[in-house]
Amino acid sequence: MAWLILVFAGLLEIGWAVGLKYSAGFTRFWPSVWTLAAMTASMILLGLAVRTLPIGTAYAVWTGIGTVGTVVVGIFVLGEPATFLRVFCLLLIITGIAGLKLVTVP
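Numbered according to the working numbering, the sequence shown spans residues 0 to 105.
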């Protein structure tokens, strides 16, 4: 269950990272509200997940999900470049996340 909570926390991290773009530096009200709500929910879920999971693993997986997801949204939604090196680096991050999941007991 902790892993599922952590995945949801990571997905919310993607939401607030992308929300930062749409909030225009917190100058647009509703995008700012949704961004702050996603930040809060993401942190709460991370806090719940680390009750059971090691903090180092949980934090790395949380940020990894957020990083990979935000870059993917940037490429497919915001028109950012998808160069070979960017995709290769994303694959390295995904490999690291999977490795941490595989070697963590809970």
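The beta-carbon is built from N, C-alpha and C at its ideal position, and this holds for glycine as well.
For the alpha helix (DSSP H) that residue i lies in, which residues bound it at each end?
i   : result
P30 : F28 to A48
T62 : I54 to F75
Under the rule that 16 or more other beta-carbon atoms within 10 Å means buried, what is residue i, buried or exposed?
i    : result
A57  : buried
I96  : buried
W15  : buried
T173 : Outside the displayed range of the chain (0 to 105) lies residue 173, so it cannot be described from this structure.
Of all the options the options, which has the alpha carbon lying nearest to the alpha carbon of residue i?
i   : options                : result
G98 : V60, F75 and A81       : V60
L89 : I74, A37, L35 and T103 : I74
A3  : A48, L19, P53 and K20  : As written in the sequence, residue 3 is Leu, which differs from the Ala given in the question. Among A48, L19, P53 and K20, the Cα nearest to that of L3 belongs to A48.
Y21 : E12, W33, L10 and L11  : W33
To the nearest whole angstrom, what separates the beta carbons of residue i and residue j, a pair I think is in contact under 8 Å?
i   : j    : result
G82 : A1   : Correcting the residue type first, residue 82 is Thr in the shown sequence and not Gly. Not quite, the Cβ-Cβ distance comes to about 35 Å (not below 8 Å), so this is no contact.
P53 : T103 : 6 Å
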